[in-house]
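To start, the structure itself, in structure tokens.
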Amino acid sequence: MVCVPRDSTALSVGADAVAAAIAAEAVRRGLPVEIKRTSSRGLFWLEPLVEVPTAAGAVGYGPVEPEEVPGLFEAGFLQGGRHSRSLGPVAQIPFLARQERLIFGRAGVTDPQSLAEYQAHGGLAGLRRALSMAPAAVVDEVHASGLRGRGGAAFPTGIKWRTVAGAQAPCKYVAVNADEGDSGTYSDRMVMEGDPFLLLEGMAIAAYATGASHGYIYVRSEYPHAVAALEAALATLRAAGWYGARVQGSDFSFDAEVRVGAGAYICGEETAMIESIEGKRGMIRYKPPLPALKGLFGMPTVVNNVVSLASVPAILDRGAQFYADYGMGRSRGTLPIQLAGNVKRAGLVEKAFGVTLRELIEDFGGGTRSGRPVRAVQVGGPLGAYFDASLLDLPLDYEALAQHKGMAGHGGIVVFDDTVDMAEQARYAMAFCAIESCGKCTPCRVGSTRGRELIERIVRGERPRENHAQLLKLCDVMENASLCALGGMAPWPVLSALKYFPEDFGLPSERQPAHVV
Amino acid sequence: MKDAVLPRPSRRRVEADHPPYDVTAVAAVLERWAGTPGNLLPVLHDVQAALGHVPPGCVAQIARALNRSRAEVHGVISFYHDFRRQPAGRHVLKVCQAESCQATGGRALTARLEQLLGCGLGETSADGAVTLEAVYCLGNCACSPAMMLDGRLFGRVTEAAAERLLAEARQDA
Ligand SMILES: Cc1cc2nc3c(=O)[nH]c(=O)nc-3n(C[C@H](O)[C@H](O)[C@H](O)COP(=O)(O)O)c2cc1C
Ligand code: SF4
Ligand code: FES
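Following this line, the structure appears as structure tokens:
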């Protein structure tokens, strides 16, 4: 058997062509070869990564070009033979061996649409155990695990569930936030495409714990493969009696549907997402009322990120303490970190909280893809601060990053080499905010455009001192007077770029060069 | 008194101003989603899938069917970047403008595509073959720079590879 991923990143670099070449070459040689399409391990710099199961575990070859396929047969890859693309046993590749995969354990191993394989690899054990418990006990278990939302705001999941569970209403909902708008992130996509049953299992547990009867999964339109994978997996679970009326013969009934976004970053914010599911413009709602009390169609609604819910089955299956044993401080469990941008080994690193940026970028990532020095790192998506090389020893931890006006967000890390123009990055941050602003409040709607203009003026050398002062004032207003975090945090990348890289704006340096500090 | 001098377009005139569109196709979409709560986005997606864009003329038809005002339906269409009010070229190329792709040559790639197509982001090449659109992250950041041609995702896109793909796309009519 030969395994070839069908994850969309693998497809984007030719996985289908490689699978077709393997099939064609097998026919030409008269060899019976079964090709299994798996999810991706998340070792994306090696994609298309072809694996062959052997007695000593799966051995890998990658990145494979279709033209190299005859050579692989020549080298006897079907028996694990050596080839210039050989990677050896995949489980021993350091990038993978050093991870702690509680969520992504099946990544690259199973066929995402096989419920039998899902169960053979531990799937549904969490939901089974949940259904044997009282709903309140399920909430307690999730609370005790210390799980905090992975969508960006890091709110304790157990507390949110308790609020919804305690609300009295004719109907409650679970709404999965699968909008994954942050640039540099793809872990939600990997779950949905590569292990859709996991998300659906977590969603069903959330519904059982809170008394919800219907769910929505709001997937961004940029993810067509995820939409298809979820719809197919939902149909499979319904047919097997895990979704729909009276789940596994119990009194618990729950079903869900997939909704597709329409290209609006702001619809990742939970109240805008709710508006969008209701068929409206994605405008932010004032809080309170909290969505947990008055959310979708005015009913109590659990809104959780994909990775938050994908973390839940392991917590139920293996217990809160098992999960809480990972991590540091108030950041418990594991975080799927997504290495992106100019990094040599880009891919998914699931690690307990506490791993440092340096370990991630240097040890896992291998430095820049271009081979030039790392100059700036953006953590936590387009609203995340830019850090310079002096801050790489920061641990990934919600509180530690917050101390430096940064955030772990959804776990995306984008690396830039020394060719980056940080004034241009700052200008982009404001321009992006202007494009994606919902328009409800002035600091964001108007401020973002003003901010972009001020940066352009500073860069052109027009009264830089005055415009710089004006920009700082504007950022202060945006941070403090915006209704939501789009306008409230868009200044972060700008202010951090100004602080660490003033020379790119033609401004005098406020401090010593990075390496001296 | 003042009201009398302001021109008040009748409802019929507003509708007649719009180019004709496939009313039956839109009716079929509305039928499919009838009764589903919050069905406006799915309806608009399906209309665009069937007709290539959301023709301005269908706003009134959708509004009537969903019991919403035309202003509301129009507001939704204009809010979301995905919905197109004019037909696109034969192919749609979305090129990522976000940070991971910026860090790996995405700006140069975009500039090259604009040059090859002779049009900017949000425009269609003069031969009507390709509409070039900005997109903010395709979730393909581990293989940046990324772009999507007619729904098909491409990663680690070099300028040469983009040129090849465009040449192919412009050939088939
Ligand atoms: C501008 C903006 C964009 C957001 N985008 C996302 C997103 O794409 N995905 C997500 O899960 N949460 C996003 N959030 C956070 C959500 O509002 C919300 O906190 C989250 O979905 C709650 O789920 P969690 O507790 O499981 O993280 C965004 C927030 C803001 C302010
Ligand atoms: S900060 Fe921006 S996106 Fe958020 S509510 Fe205000 S205008 Fe809308
Ligand atoms: S930033 Fe371009 S694909 Fe994510």
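Sequence order for the protein chains is E and V. Last residue of the first sequence: 532 in my numbering, with the numbers rising by one and none dropped. Last residue of the second sequence: 175 in my numbering, with the numbers rising by one and none dropped. Virtual Cβ for every residue (Gly too), placed ideally from N, Cα, C. Note that the structure is a prediction, hence the values are computed from the model and not measured.
Relative to the C-alpha of residue i, which candidate in the options has its C-alpha closest?
{"i": "residue 208/E", "options": "54/E, 172/E, 267/E", "result": "54/E"}
{"i": "residue 505/E", "options": "516/E, 491/E, 245/E", "result": "491/E"}
{"i": "residue 224/E", "options": "178/E, 338/E, 161/E, 292/E", "result": "178/E"}
{"i": "residue 360/E", "options": "366/E, 497/E, 348/E, 375/E", "result": "375/E"}
{"i": "residue 121/E", "options": "319/E, 19/E, 206/E", "result": "206/E"}
{"i": "residue 145/E", "options": "119/E, 37/E, 218/E", "result": "218/E"}
{"i": "residue 115/E", "options": "482/E, 516/E, 369/E", "result": "369/E"}
{"i": "residue 37/E", "options": "348/E, 481/E, 86/E, 231/E", "result": "86/E"}
{"i": "residue 149/E", "options": "266/E, 522/E, 463/E", "result": "266/E"}
{"i": "residue 436/E", "options": "458/E, 445/E, 520/E, 425/E", "result": "520/E"}
{"i": "residue 1/V", "options": "438/E, 237/E, 304/E", "result": "Only positions 3 to 175 of chain V appear in this structure, which leaves residue 1/V out of reach."}
{"i": "residue 241/E", "options": "253/E, 210/E, 226/E", "result": "210/E"}
{"i": "residue 320/E", "options": "459/E, 513/E, 193/E", "result": "193/E"}
{"i": "residue 87/V", "options": "21/V, 29/V, 150/V, 71/V", "result": "21/V"}
{"i": "residue 314/E", "options": "356/E, 250/E, 277/E, 185/E", "result": "185/E"}
{"i": "residue 363/E", "options": "141/V, 122/V, 109/V, 33/V", "result": "141/V"}
{"i": "residue 498/E", "options": "287/E, 43/E, 97/E", "result": "287/E"}
{"i": "residue 156/V", "options": "31/E, 67/E, 45/E", "result": "31/E"}
{"i": "residue 2/E", "options": "522/E, 226/E, 16/E, 422/E", "result": "In the structure as shown, chain E starts at 16 and stops at 532, and residue 2/E therefore has no counterpart that could be examined."}
{"i": "residue 201/E", "options": "139/V, 133/V, 67/V, 119/V", "result": "139/V"}
{"i": "residue 174/V", "options": "130/V, 143/V, 146/V, 149/V", "result": "130/V"}
{"i": "residue 133/E", "options": "212/E, 107/E, 188/E", "result": "212/E"}
{"i": "residue 91/V", "options": "41/V, 117/V, 128/V, 30/V", "result": "128/V"}
{"i": "residue 356/E", "options": "379/E, 383/E, 345/E", "result": "383/E"}
{"i": "residue 172/V", "options": "111/V, 121/V, 124/V, 93/V", "result": "93/V"}
{"i": "residue 275/E", "options": "42/V, 27/V, 23/V", "result": "42/V"}
{"i": "residue 264/E", "options": "272/E, 255/E, 271/E", "result": "255/E"}
{"i": "residue 410/E", "options": "450/E, 366/E, 452/E", "result": "366/E"}
{"i": "residue 546/E", "options": "169/E, 126/E, 61/E, 45/E", "result": "As displayed, chain E neither begins before 16 nor continues past 532, which places residue 546/E out of reach and without an answer."}
Which chain V residues are close to residue i, counting only those with a beta carbon under 7 Å from its beta carbon?
{"i": "residue 296/E", "result": "77, 78, 81"}
{"i": "residue 292/E", "result": "40"}
{"i": "residue 198/E", "result": "100, 101, 102, 138, 139, 143"}
{"i": "residue 24/E", "result": "142, 144, 145, 157"}
{"i": "residue 27/E", "result": "142, 145, 148, 155, 156, 157"}
{"i": "residue 204/E", "result": "141"}
{"i": "residue 516/E", "result": "Ordered by position in chain V, no residue passes the 7 Å Cβ test against residue 516/E, which lies about 15 Å from the chain."}
{"i": "residue 379/E", "result": "Residues of chain V passing the Cβ test: none, with the nearest at roughly 12 Å."}
By the criterion of Cβ-Cβ separation under 8 Å, what are the contact partners of residue i in chain V?
{"i": "residue 384/E", "result": "106"}
{"i": "residue 201/E", "result": "141, 142, 143, 144"}
{"i": "residue 393/E", "result": "101"}
{"i": "residue 170/E", "result": "Correct list: empty, because the minimum Cβ distance to chain V is about 23 Å."}
At 9 Å on the CB atoms, spell out the chain E contacts of residue i, in chain order.
{"i": "residue 153/V", "result": "239"}
{"i": "residue 52/V", "result": "Residues of chain E passing the Cβ test: none, with the nearest at roughly 15 Å."}
Given that residue i touches chain E, what residues does it touch there, using C-beta distances under 7 Å?
{"i": "residue 140/V", "result": "237"}
{"i": "residue 84/V", "result": "236, 277, 278"}
Comparing the CB of residue i with every heavy atom of ligand 4, is any distance shorter than 6 Å?
{"i": "residue 281/E", "result": "Because ligand 4 does not appear in the structure shown, any question about it cannot be addressed here, the ligands present being ligand 1, ligand 2 and ligand 3."}
Check the Cβ of residue i against every Cβ in chain E and list those closer than 8 Å, keeping chain order.
{"i": "residue 113/V", "result": "The contacting residues do not exist; residue 113/V stays about 13 Å from chain E at best."}
For residue i, return the contacting residues in chain V, with the cut-off set at a CB-CB distance below 9 Å.
{"i": "residue 397/E", "result": "100, 101, 138, 139"}
{"i": "residue 195/E", "result": "139, 141"}
{"i": "residue 402/E", "result": "The contacting residues do not exist; residue 402/E stays about 13 Å from chain V at best."}
Quick one: is residue i near chain C, going by C-beta distance under 7 Å?
{"i": "residue 426/E", "result": "Among the protein chains in the structure shown, which are E and V, there is no chain C."}
Notebook entry, point to check: In the region 229-256 of chain E, which residues sit with their C-beta less than 7 Å from some C-beta in chain V, listed in chain order?
Noted result: 236, 237, 238, 239
Check: In chain order, which beta strand (DSSP E) runs of at least 3 residues are fully inside the region 27-97 of chain E?
Finding: Qualifying beta strand (DSSP E) stretches, in chain order: 50-53, 65-69, 72-76.
Item checked: Contact residues within the region 16-49 of chain V, judged by C-beta distance below 9 Å to chain E -> 38, 39, 40, 41, 42, 43, 44, 45, 46, 47
Notebook entry, point to check: Taking the runs of the beta strand (DSSP E) that are 3 residues or longer, which of them lie wholly in the region 210-278 of chain E?
Noted result: Counting only runs of 3 or more residues that sit fully inside the region 210-278 of chain E, the beta strand (DSSP E) segments are 229-234, 270-275, in chain order.
Item checked: Those runs of the beta strand (DSSP E) which lie wholly inside the region 130-158 of chain E and span at least 3 residues -> none
Checklist line | Near-chain V residues of the region 340-366 of chain E - C-beta to any C-beta below 9 Å | finding: 353, 354, 355, 356, 357, 358, 361, 362, 363
Check: Any residues in the region 253-280 of chain E with a beta carbon nearer than 9 Å to a beta carbon of chain V? Which ones, in chain order?
Finding: Answer set for the region 253-280 of chain E: 272, 274, 275, 276, 277, 278, 279, 280.
Checklist line | 3-residue-minimum beta strand (DSSP E) runs that sit fully inside the region 92-133 of chain V, ordered along the chain | finding: List check, beta strand (DSSP E) in window: 93-98.
Next item on the list: Could you name each continuous beta strand (DSSP E) segment of 3 residues or more that falls completely within the region 378-439 of chain E, going from the start of the chain to the end?
Entry: Here the runs fully enclosed are 389-394, 401-403, 427-432.
Next item on the list: Please list the segments of the beta strand (DSSP E) lying wholly inside the region 47-81 of chain V, counting only runs of 3 or more residues, in order along the chain.
Entry: Along the region 47-81 of chain V, the beta strand (DSSP E) does not occur as any fully enclosed run of 3 or more residues.
Checklist line | Interface residues of the region 421-439 of chain E facing chain V [CB-CB below 8 Å] | finding: 427, 429, 430, 431, 432, 435
Item checked: Selection of the region 299-332 of chain E by Cβ proximity to chain V, strictly under 9 Å -> 311, 312
Notebook entry, point to check: Taking Cβ-Cβ distances below 8 Å as the criterion, which residues of the region 100-134 of chain E are in contact with chain V?
Noted result: none
Check: Taking a cut of 8 Å between CB atoms, which residues from the region 71-93 of chain E lie near chain V?
Finding: none
Next item on the list: Could you list the residues in the region 43-61 of chain E with a C-beta less than 7 Å from some C-beta on chain V, going in chain order?
Entry: Under the 7 Å Cβ criterion, the region 43-61 of chain E contributes 59.
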